[in-house]
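The next block holds one structure in the form of structure tokens; read it before the comments.
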Amino acid sequence: PGTYTEQMEGPIDEAKVRLRFPPEPNGYLHIGHAKSICLNFGLAKDYAGRCHMRFDDTNPVKEDQEYVDSILGSVNWLGFDWKDAKETNFYFASDYFDYMYEIAEHMIKNGLAYVDEQTAEQIKENRGTLHTPGVDSPFRDRPAEESLRLFREMREGKHPEGSMVLRSKVDMSSRNINLRDPAIYRIRFAEHHRTGDKWCIYPMYDFAHPLEDAIEGITHSICTMEFEDHRPIYNWVVENSGLEAKPRQIEFARLGMTNTVMSKRKLRALVENNLVDGWDDPRMPTISGLRRRGYTPEAIRDFCEKIGVSKANSKVDSSLLDYCIRDDLKTKAKVAMAVLDPLKVIIDNYPEGQTEMLTVENNPETEALGKREVPFSK
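Quick look at the structure:
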């Protein structure tokens, strides 16, 4: 795996911190992602660092260029960018497929990974439970040369989906189930939105993500709390990759809001079942939907600032987002009046046919928004 490390040699990194925002391009971003965007890009700005824009496109089945374009547009609209006068930090996990494959072979040769031919059900059953240790796969101690041959055959498409996986050799008796030899490559005959049909094996998230961070020289890999139990395997992959960079994973609580659906799977169901007019329907909590509804990027950034960051899972009242947009617009928007349920009134002692034009301010707090005239008559 020295190939990529050699290419990375150069001047010392001037960025004090280097973070990343790594969405999977399988849907549109929602308000929960806005918290992560503001956190990662905001910290990079506050600490004279860089934030990388990276797509975790390791699952070709649900990913599409439409989602890539939408995500980039949402990040820019919120006021953030991955390029400046010195750097352009725009990446895809698929950029590293060749390097990841090299590292996987490196692990096989060093006795850190093996090809397992058990079924998915057998692997799940033998992984054990929170109270019982896992059972070693009958293929765990197969010779490295044999695993290497089978892994190369997997890459060449000689084996069907589900027939075998490449597993890391960690600790089947660990109290953390995520360390019980997790799969790091699986066979998937699907066309990738960027690499086409070049690959029929794809890396698993727990293998790919730490490698992406290490290859890019990320210093702080900030993710949500459900990945806290995955931190040991993250560290294990980094330590055994042969790469020099040692990123640190830090977790925070994801955003939960009252009266708001935050599951991308459920939002996708609304779109696919034609219950809304697309991902950017104004009723959707997607960033595109909020934009169409009239929310401003300043209001969303203010909302993310106000809710703060912690490890404790909690729900934020959705009225706080409404407060933020009102607070942002009160000095920006022209104020208008509307009578929603009018009652006709006739002024008897006002001259027939006369109309007076009264001048009112468009916004009492912002003189620059000008004035307008409204009619007054009988």
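In the working numbering, the protein residues as written are -6 to 371.
Where is the CB? At the ideal position from N, CA and C, for every residue including glycine.
Note that the structure is a prediction, hence the values are computed from the model and not measured.
Collapsed DSSP secondary structure at residue i in the structure displayed
{"i": "Phe90", "result": "helix"}
{"i": "Cys372", "result": "Outside the shown range of the chain (-6 to 371) lies residue 372, about which nothing can therefore be said."}
{"i": "Lys239", "result": "coil"}
{"i": "Val163", "result": "coil"}
{"i": "Lys38", "result": "helix"}
{"i": "Leu12", "result": "strand"}
{"i": "Ile208", "result": "helix"}
{"i": "Arg365", "result": "strand"}
{"i": "Pro357", "result": "coil"}
{"i": "Trp193", "result": "According to the sequence provided, residue 193 is Cys. The question's Trp does not apply to it. Cys193 falls in the coil class under three-state DSSP."}
{"i": "Val269", "result": "coil"}
{"i": "Met157", "result": "coil"}
{"i": "Phe245", "result": "strand"}
{"i": "His202", "result": "helix"}
{"i": "Ala176", "result": "strand"}
{"i": "His185", "result": "strand"}
{"i": "His152", "result": "coil"}
{"i": "Arg224", "result": "helix"}
{"i": "Glu17", "result": "coil"}
{"i": "Asn169", "result": "coil"}
{"i": "Asn233", "result": "coil"}
{"i": "Ser256", "result": "coil"}
{"i": "Glu59", "result": "helix"}
{"i": "Gly(-5)", "result": "Below a pLDDT of 50, predicted positions are generally treated as unreliable, and Gly(-5), at 39, falls in that range; the measurement from the model is reported next regardless. If DSSP states are grouped into helix, strand and coil, Gly(-5) belongs with the helices."}
Per-residue burial, residue i [other beta carbons within 10 Å of its own, 16 or more giving buried]
{"i": "Phe182", "result": "exposed"}
{"i": "Tyr373", "result": "Residue coverage of the chain in this structure runs from -6 to 371, which leaves residue 373 outside it and unanswerable."}
{"i": "Arg173", "result": "buried"}
{"i": "Glu7", "result": "exposed"}
{"i": "Glu138", "result": "exposed"}
{"i": "Ser312", "result": "exposed"}
{"i": "Ser307", "result": "exposed"}
{"i": "Glu349", "result": "exposed"}
{"i": "Phe369", "result": "exposed"}
{"i": "Thr(-4)", "result": "The predicted position of Thr(-4) is uncertain, since its pLDDT is 40 and thus under 50; a value taken from the coordinates is nonetheless stated next. Its Cβ having fewer than 16 others within 10 Å, Thr(-4) is exposed."}
{"i": "Thr251", "result": "exposed"}
{"i": "Met330", "result": "exposed"}
{"i": "Pro344", "result": "exposed"}
{"i": "Ser214", "result": "buried"}
{"i": "Ile339", "result": "exposed"}
{"i": "Glu209", "result": "buried"}
{"i": "Glu56", "result": "buried"}
{"i": "His23", "result": "buried"}
{"i": "Lys9", "result": "exposed"}
Beta-carbon separation (whole angstroms), residue i vs residue j, contact threshold 8 Å
{"i": "Ala106", "j": "Leu159", "result": "6 Å"}
{"i": "Ile211", "j": "Pro240", "result": "4 Å"}
{"i": "Leu204", "j": "Tyr89", "result": "7 Å"}
{"i": "Met255", "j": "Pro278", "result": "7 Å"}
{"i": "Ser130", "j": "Ser281", "result": "At roughly 45 Å, the Cβ-Cβ gap does not stay under 8 Å, so Ser130 and Ser281 are not in contact."}
{"i": "Tyr21", "j": "Tyr84", "result": "In fact, because the Cβ distance is near 20 Å, the residues do not count as touching under 8 Å."}
Beta bridge counterpart(s) of residue i as assigned by DSSP
{"i": "Val54", "result": "Partner(s): none; Val54 has no beta bridge."}
{"i": "Arg350", "result": "Per the sequence shown, the amino acid found at residue 350 is Met instead of Arg. Met350 pairs with Pro368."}
{"i": "Thr217", "result": "Phe245"}
{"i": "Arg47", "result": "Tyr84"}
{"i": "Met250", "result": "Val309"}
{"i": "Gly23", "result": "Contrary to the premise, residue 23 reads as His rather than Gly in this sequence. Paired residues: Thr279."}
**Report entry** Ranges of the alpha helix (DSSP H) found wholly within the segment 63 to 146, counting only runs of at least 4
**Finding:** The segment 63 to 146 contains these whole alpha helix (DSSP H) runs: 90 to 102 and 113 to 119.
Report task. Scan the segment 274 to 347 and note each continuous alpha helix (DSSP H) run of 4 residues or more that stays entirely inside, going in chain order. Result -> Listed in chain order, they are 280 to 286, 290 to 300 and 312 to 322.
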